[in-house]
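A short write-up of the structure that comes next.
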Amino acid sequence: MSTSDGYEGAEHENVRLLADLNALYQYDDPVPESVLDAARGAFAWLDFDSELAKLLDEESLAGRAVRATGDQHLLTFEAEHLTFVVEATELADGRKLVGQVMPAGPREVWLESAGGERAATEVDELGRFSLPQLPAGPARLRCELPDGTRVVTEWGAI
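If you read the sequence shown in my numbering, its first letter stands for residue 1, the second for the next number, and so on.
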């Protein structure tokens, strides 16, 4: 055990043991940078004032579309004031989203990825939106209603 870590005495034995175990794992199996990016992204957008839209349903659309170019999933997120219905299509170099926000009305939708990237698009008067060429990985959607209520979806593979 290390004795130069600043922890002396029997009361710090567990702290020293945990520090040594941490050093061992950092050497043998370090945390992947993508996991660290996701953790940083989650804390960067910590927003207690936003209403959380929870995933209600996820349905695979594989084999249903005649012109399908990749894996497709239909996701439904619901909050008290807003519902997102999103079709996510996996592409060779990322993914594409086509969706609808209800209630309908012009506004803006943002996609926030765990790596810190943000993409925004306008929602039309029928509530429809599209986000092409997005990076793969965990993400969430964000929208602000005319009354100032902010709604964000759960983090996930949107």
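We treat Cβ as the ideally placed atom computed from N, Cα and C, and that holds for glycine.
Quick caveat, the model's predicted, so the values are computed rather than measured.
To which residues does DSSP link residue i through a beta bridge?
i	result
Leu17	According to DSSP, Leu17 bridges with nothing at all.
Leu111	Ala119 and Leu141
Gly156	Ala139
Thr76	Asp57 and Val85
Gly94	Leu91
Gly99	Val86 and Phe129
Which residue from the options puts its Cα closest to that of residue i?
i	options	result
Gly116	Gly99, Met102, Glu108 and Ala139	Ala139
Gly99	Ala79, Gly137, Asp20 and Val109	Val109
Leu97	Glu112, Leu17, Pro103 and Leu131	Leu131
Val35	Pro103, Ser113 and Asp20	Ser113
Pro146	Glu122, Gly156, Tyr27 and Arg107	Arg107
Asp49	Ile158, Thr76, Phe84 and Thr149	Thr149
His81	Glu144, Val15 and Gly156	Glu144
Thr89	Val101, Thr83, Glu78 and Leu74	Leu74
Ala120	Val101, Gly105, Glu13 and Leu141	Leu141
Arg128	Trp155, Val151 and Phe84	Phe84
In whole angstroms, what is the alpha-carbon distance linking residue i and residue j?
i	j	result
Ala30	Gly137	It is Pro, not Ala, that sits at residue 30 in the sequence shown. Approximately 20 Å, taken between the alpha carbons.
Pro103	Ala39	32 Å
His134	Asn22	Residue identity differs from the one stated: residue 134 is Leu in this sequence, not His. When rounded, the distance between both Cα atoms is 35 Å.
Lys54	Asp37	23 Å
Thr153	Leu91	22 Å
Gly94	Glu51	28 Å
Leu56	Ala157	14 Å
Val101	Arg118	18 Å
Leu126	Glu59	23 Å
Helix, strand or coil: which one does DSSP assign to residue i?
i	result
Asp57	strand
Leu82	coil
Val35	helix
Leu131	strand
Leu52	strand
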